[in-house]
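Protein chains: 4
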Amino acid sequence: MMATTRQRLLDAAERVLRTKGLAAASTREIAREAGCADGTLYNHFRDRADLFVAIFLEKLLPDYWEVLSKLSYRIGEGTVQAHLEELAQIALAFYYKAAPMRAALFAEPELLQRYREALKSQAQIRQQERPAPLLAAYLRAEQRLGRVAVQANPTIAAEALFGTCASYALRQCFLGESPTSEADRQFVLELVRSLMEGLSPREPSI
Amino acid sequence: MMATTRQRLLDAAERVLRTKGLAAASTREIAREAGCADGTLYNHFRDRADLFVAIFLEKLLPDYWEVLSKLSYRIGEGTVQAHLEELAQIALAFYYKAAPMRAALFAEPELLQRYREALKSQAQIRQQERPAPLLAAYLRAEQRLGRVAVQANPTIAAEALFGTCASYALRQCFLGESPTSEADRQFVLELVRSLMEGLSPREPSI
Amino acid sequence: MMATTRQRLLDAAERVLRTKGLAAASTREIAREAGCADGTLYNHFRDRADLFVAIFLEKLLPDYWEVLSKLSYRIGEGTVQAHLEELAQIALAFYYKAAPMRAALFAEPELLQRYREALKSQAQIRQQERPAPLLAAYLRAEQRLGRVAVQANPTIAAEALFGTCASYALRQCFLGESPTSEADRQFVLELVRSLMEGLSPREPSI
Amino acid sequence: MMATTRQRLLDAAERVLRTKGLAAASTREIAREAGCADGTLYNHFRDRADLFVAIFLEKLLPDYWEVLSKLSYRIGEGTVQAHLEELAQIALAFYYKAAPMRAALFAEPELLQRYREALKSQAQIRQQERPAPLLAAYLRAEQRLGRVAVQANPTIAAEALFGTCASYALRQCFLGESPTSEADRQFVLELVRSLMEGLSPREPSI
DNA sequence: GATGAATGAGTATTCATTCAT
DNA sequence: TATGAATGAATACTCATTCAT
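Those protein sequence lines, which keep their order, are chains A, B, C and D. Going by our numbering, the letters in the first sequence line up with residues 16 to 221, in that order. Going by our numbering, the letters in the second sequence line up with residues 16 to 221, in that order. Going by our numbering, the letters in the third sequence line up with residues 16 to 221, in that order. Going by our numbering, the letters in the fourth sequence line up with residues 16 to 221, in that order.
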């Protein structure tokens, strides 16, 4: 079952990107990793930037998007906390993979711009929402059902959930730590619990 | 008042890094921006990586560190919420400046490694703590004073505060948005409020 | 009849090497001399060292090796002296061309190492012998036929023949003298005669 | 007993030259090895070439010259063979040290030229003879005393003695072999014996 | 579609040398 | 004398991309 050349290039590029970094992910290096000639890349992608954008749009994001889009089916079911835990778990795994690569894009503003534009047009085509707004919408729905505190700010809560996971994953990558399922799982559980609970001391209820 | 050549190089490098990105921050470009010859850079820095590490260690982090280190003097004073708001404000401003540059380091693993090592040795020399542990320590102290809920998790709360700010700033930069004091200020206030409050609905206290 | 790019590079490199010296034989200079772009060199050679090694292995040594390898066919034919004269002549011509280039390699130990290794692997592949051992083997064969004195040391004689020619050529190059066929021819004849005769005074045979 | 700065530079330069090669013997590297500032070199030598020429003229050659100049005192004393053996021994030791450095000069024609000119003017100033002519003169004197065969060619014999030693030493250096006193001593003895004896079979003296 | 040679601008870094201190 | 910052040209090599096959 021979993979298509285009797919081999995408896979090779992601591998190089992950292991050697964006700066070392030259078209030649990628071609070598994919086992094809230098020029072949240009039969499948407009240029180097196009290839990297495709990695995100075709390899990294789809799975993540799919999970996120199912959130709306859960409204009113199970417990909010359980849903957040599951979601945070998935988000963390995604960020471990994707965050360092996305961060690297900041090294090449032109690439970043191309990625931004690609995301924007994808959003239009597939009516794709970014993760935080999707989660915020879910939380608002639960809020209407009385399963989330009325004084809570769903937008910020969603931002905090994803933001904390993303930063945590990026820092772990920076420190060279690989994901350790147990510690990471604990982190996620504690994070969700904290978001549910808050810091303010409760007045004793009589 | 002529700045020292070394300082001119540091300033120029930061400017190039911020405006054109790491990949375009070549030694030549930096030298040109600093108004000195190509080779001069190497009279003041061991190599390109050394220069970038110096930008973080000498230009970006010191101010931030100083603010953070003063946290311990605030224990028991004012309100916890007010301190968190002030801190988040400062952190956000810092991340707007520093996060895109730090993110870009992921494009060059060797550079990232050098930065990691430099941070580590600085930590030993100056007994520098990373931001989150510092904040967590403060929260634990307040917890002991009963000004933070006993069931709260200071470590996670600190992680969430900084993580959310960092991710928010990085996304704003990604979207090409420049810091808008009012919207950002609102974000920070809401974030702190959310962290204080939590999502769980409160039982009516009769 | 267009020469291949690789060959043009080899020729150009040898020309530059001979006329301007190893230190001035930069990749750029060679590319310019070959009439191709800077980068083209790297489509045909792994690096600069690889190119120089190729000059010796593909341009300079093969002809010389071929002559040397035919020595064994001469055993017992003609006179030993005539064979040595012919060989010394050829060796001298070779050294005029190759000795200054080989000497220059001592300026760059890494290059020297690469050349040494290349020679070694060639020796295995082509069962190539170095000149002196080849000549020594021939002399030993002639010795067995009684055409070389039994008390002679073929190894040393071979060493002396080539060594003297090599040193002579190198000194001539050092002095800026170009090969002058007549003087050099005389030198070779006298050298061979001397090696045949020896310095010790002969007892009068009566 | 502090060495003069000039001497420290000479020593450092020779060390660098021997261990890292001419190409790596930059003025900066030498200054670092000598433990002085970059610019100091230019207080003692006109330029880089001047320093290298001085190494030969002041450090390497004087001892060797002194030995050679004493040859004339030996005329008629001891045996010719013993004198040649001693001389070859000394020459070989000298070439082990000096030959790779001299060879390297061929990499930089300008340097070679400067060395050539320096040698020439030294020859005038100190009436210095090159080794081979000195030895040839000695041999001619012995020839007149009947201690060297009349049909011998002193010029060529001298050339062969030094040339063979020089080539042998250079090849050993090329192969990365360090001087092994015993093998080298054997080589020298055999070389002298061979030069005395010759290759031609002797007619049985009845 | 696939190839891989050719391009020439671009990279980080080193160089010998100067000169004000 | 000694210093070491400044110079700017030079170094080997890599780059994304093109295009004839």
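We put the beta carbon where it would ideally sit given N, CA and C, even for glycine. Bear in mind the structure is a predicted one, so any value in this text is a computation, not a measurement.
Exercise. Using a C-beta cutoff of 8 Å, does ALA97 (chain B) count as contacting chain A?
Worked result: As a working note, residue 97 (chain B) is residue 82 in the second sequence. By this cut-off, ALA97 (chain B) is not an interface position.
Problem set entry | 7 Å CB neighbourhood of GLU29 (chain C) in its chain, flanking five on each side removed | Within the third sequence, residue 29 (chain C) is the residue found at index 14, counting from 1. Closer than 7 Å at the Cβ level, and outside the excluded window around GLU29 (chain C), lie ILE70 and LYS74.
Exercise. In the structure shown, what three-state DSSP assignment does VAL203 (chain D) receive?
Worked result: Here the question's residue 203 (chain D) lines up with position 188 in the fourth sequence. Three-state result, VAL203 (chain D): helix.
Exercise. Can you tell me whether DSSP reads LYS74 (chain C) as helix, strand or coil?
Worked result: In the third sequence, the residue the question calls residue 74 (chain C) occupies position 59. Assignment of LYS74 (chain C) by DSSP, reduced to helix, strand and coil, places it in the helix class.
Problem set entry | GLU125 (chain A) - DSSP class collapsed to helix/strand/coil | Within the first sequence, numbered from 1, the residue matching residue 125 (chain A) stands at position 110. Helix, per DSSP.
Exercise. Taking GLN267 (chain C) as the reference, which of C:SER84, C:GLU205 and C:SER209 has the closest Cα?
Worked result: Nothing in the structure corresponds to residue 267 (chain C), since chain C is present only between 16 and 221.
For this session: With 8 Å as the threshold, decide whether the Cβ of LEU210 (chain D) is near any Cβ in chain C.
Result: Residue mapping note: residue 210 (chain D) aligns to position 195 of the fourth sequence, counting from 1. In terms of beta-carbon proximity, LEU210 (chain D) lines the interface with chain C, with at least one pair separated by less than 8 Å.
Problem set entry | Residues of its chain near PHE202 (chain D), where Cβ-Cβ distance is below 7 Å and the 5 sequence neighbours each way are ignored | Within the fourth sequence, numbered from 1, the residue matching residue 202 (chain D) stands at position 187. So the qualifying residues of the chain are TYR183.
Exercise. Can you tell me the Cα-Cα spacing of HIS98 (chain B) and ALA113 (chain B), whole angstroms?
Worked result: Along the second sequence, one-based indexing puts residue 98 (chain B) at 83. Along the second sequence, one-based indexing puts residue 113 (chain B) at 98. Spanning the two alpha carbons is a distance of roughly 22 Å.
Exercise. Of all the alpha helix (DSSP H) runs that stay within the bounds of the stretch 19-75 of chain C, which reach a length of 4 or more residues?
Worked result: 20-35, 42-49, 56-59 and 63-69
Exercise. If we call anything under 8 Å between Cβ atoms a contact, is ILE171 (chain B) one with GLU174 (chain A)?
Worked result: By 1-based counting over the second sequence, the position of residue 171 (chain B) is 156. By 1-based counting over the first sequence, the position of residue 174 (chain A) is 159. No.
Exercise. What in chain C is Cβ-close to LYS35 (chain D), meaning under 8 Å?
Worked result: Within the fourth sequence, residue 35 (chain D) is the residue found at index 20, counting from 1. The answer, in chain order, is PRO124.
Problem set entry | Closest Cα partner of GLU189 (chain B) within the set B:MET116, B:THR42 and B:PHE67 | Mapped onto the second sequence, residue 189 (chain B) falls at position 174. Here residue 189 (chain B) is Phe; the residue named in the question, Glu, does not match the sequence. Between PHE189 (chain B) and the set B:MET116, B:THR42 and B:PHE67, the nearest pair of CA atoms involves B:MET116.
Problem set entry | Inter-residue Cα distance where the pair is THR195 (chain C) and ALA108 (chain C) | Looking up residue 195 (chain C) in the third sequence gives position 180. Looking up residue 108 (chain C) in the third sequence gives position 93. Near 11 Å, if we compare the C-alpha coordinates of ALA108 (chain C) and THR195 (chain C).
For this session: Starting from PRO146 (chain A), find everything on chain B with Cβ-Cβ shorter than 8 Å and list it in chain order.
Result: The residue you call residue 146 (chain A) lines up with position 131 of the first sequence. Residues of chain B passing the Cβ test: none, with the nearest at roughly 11 Å.
Exercise. Considering only residues of the same chain and omitting the five flanking positions on each side of HIS59 (chain A), which have a CB-CB separation below 7 Å?
Worked result: Working through the first sequence from its first residue, we reach residue 59 (chain A) at position 44. Excluding sequence neighbours, HIS59 (chain A) sits near THR20, ARG21 and LEU24.
Problem set entry | C-beta atoms of ALA222 (chain D) and PHE121 (chain C) nearer than 8 Å | Residue 222 (chain D) is absent from the structure shown; chain D starts at 16 and stops at 221.
Problem set entry | Backbone CA spacing between ALA138 (chain D) and ARG145 (chain D) [nearest angstrom] | What you label residue 138 (chain D) is simply residue 123 of the fourth sequence in a count that begins at 1. What you label residue 145 (chain D) is simply residue 130 of the fourth sequence in a count that begins at 1. Taking the straight line from one Cα to the other gives about 8 Å.
For this session: Output yes if chain B places a C-beta closer than 8 Å to the C-beta of ALA28 (chain A); else output no.
Result: The residue labelled residue 28 (chain A) in the question sits at position 13 within the first sequence. Taking Cβ atoms only, chain B never reaches closer than 8 Å to ALA28 (chain A), which makes this a no.
Problem set entry | Simplified DSSP state of ARG141 (chain A), which is helix, strand or coil | One-based indexing of the first sequence puts residue 141 (chain A) at position 126. The answer is helix: DSSP assigns ARG141 (chain A) an H, G or I state.
For this session: Return the first residue and the last residue of the alpha helix (DSSP H) that VAL95 (chain C) is part of.
Result: Numbered from 1 along the third sequence, position 80 holds the residue referred to as residue 95 (chain C). That run of the alpha helix (DSSP H) goes 95-119.
Problem set entry | Residue nearest to ALA103 (chain C) in terms of C-alpha spacing, selected from C:GLY91, C:VAL82 and C:GLY36 | In the third sequence, counting from the first residue as 1, residue 103 (chain C) sits at position 88. Closest by alpha carbon: C:VAL82.
For this session: Enumerate in chain order the residues of its own chain whose CB-to-CB distance from VAL95 (chain C) is below 7 Å, with the five nearest sequence positions on each side excluded.
Result: Here residue 95 (chain C) is taken as the residue at index 80 of the third sequence, counted from 1. For VAL95 (chain C), where only same-chain residues beyond five positions count, the Cβ hits under 7 Å are GLU157, ARG162 and VAL163.
For this session: Note down, in chain order, every chain D residue with its Cβ under 7 Å from the Cβ of ILE171 (chain C).
Result: Taking the third sequence and counting its residues from 1, one reaches residue 171 (chain C) at position 156. Within 7 Å Cβ-Cβ: GLU205, LEU206 and SER209.
Problem set entry | Nearest-angstrom beta carbon gap, ALA38 (chain A) and GLU123 (chain B) [assumed within contact, 8 Å] | Here residue 123 (chain B) refers to the residue found at position 108 when the second sequence is read from its first residue. Here residue 38 (chain A) refers to the residue found at position 23 when the first sequence is read from its first residue. That pair is a contact at about 5 Å.
Exercise. Which chain B residues are close to PHE177 (chain A), counting only those with a beta carbon under 9 Å from its beta carbon?
Worked result: Locating residue 177 (chain A) in the first sequence gives position 162, counting from the first residue. Those within 9 Å of PHE177 (chain A) in chain B are THR179 and SER182.
For this session: Consider the Cβ of GLY213 (chain C): report whether some Cβ of chain D lies at a distance smaller than 8 Å.
Result: For the purposes of this step, residue 213 (chain C) is taken as the residue at position 198 of the third sequence. Cβ-Cβ to chain D under 8 Å: yes for GLY213 (chain C).
Exercise. Does the distance from the CB of VAL31 (chain D) to the CB of ALA40 (chain D) come in under 8 Å?
Worked result: In the fourth sequence, counting from the first residue as 1, residue 31 (chain D) sits at position 16. In the fourth sequence, counting from the first residue as 1, residue 40 (chain D) sits at position 25. Yes, the Cβ-Cβ distance between VAL31 (chain D) and ALA40 (chain D) is below 8 Å.
Problem set entry | Pick from B:ARG155, B:GLY191 and B:LEU185 that is closest to LEU214 (chain A), judged by C-alpha positions | Reading the first sequence from its first residue, position 199 is the one you call residue 214 (chain A). Checked all of B:ARG155, B:GLY191 and B:LEU185; the closest Cα to LEU214 (chain A) is B:ARG155.
Exercise. In three-state DSSP terms, what is ILE221 (chain C)?
Worked result: Looking up residue 221 (chain C) in the third sequence gives position 206. For ILE221 (chain C), the predicted structure reports a pLDDT of 49, less than 50, and the residue's modelled location is therefore unreliable. A value from the coordinates is still provided. Three-state result, ILE221 (chain C): coil.
Problem set entry | Beta-carbon proximity of SER209 (chain C) to TYR153 (chain C), cut-off 8 Å | Numbered from 1 along the third sequence, position 194 holds the residue referred to as residue 209 (chain C). Numbered from 1 along the third sequence, position 138 holds the residue referred to as residue 153 (chain C). Inclusion of SER209 (chain C) and TYR153 (chain C) in the CB contact set at 8 Å is not warranted, their separation being larger than that value.
For this session: Anything in chain B within Cβ reach of GLU174 (chain A), meaning under 7 Å, just list it in chain order.
Result: By one-based count along the first sequence, residue 174 (chain A) stands at place 159. Under the 7 Å cutoff, chain B gives THR179 and TYR183.
For this session: Taking only beta-carbon positions, decide if PHE121 (chain C) is within less than 8 Å of chain D.
Result: Indexing the third sequence from 1 puts residue 121 (chain C) at position 106. Look at PHE121 (chain C): its C-beta is under 8 Å from a C-beta on chain D.
For this session: Taking only beta-carbon positions, decide if PHE189 (chain D) is within less than 8 Å of chain C.
Result: Sequence index remark: in the fourth sequence, residue 189 (chain D) carries index 174 (1-based). It does: the Cβ of PHE189 (chain D) has a partner Cβ on chain C nearer than 8 Å.
For this session: For GLY50 (chain C), collect the residues of the same chain with a Cβ closer than 6 Å to its Cβ; drop the 5 residues on either side in sequence, then sort them by chain order.
Result: The residue labelled residue 50 (chain C) in the question sits at position 35 within the third sequence. For GLY50 (chain C), where only same-chain residues beyond five positions count, there are no Cβ hits under 6 Å.
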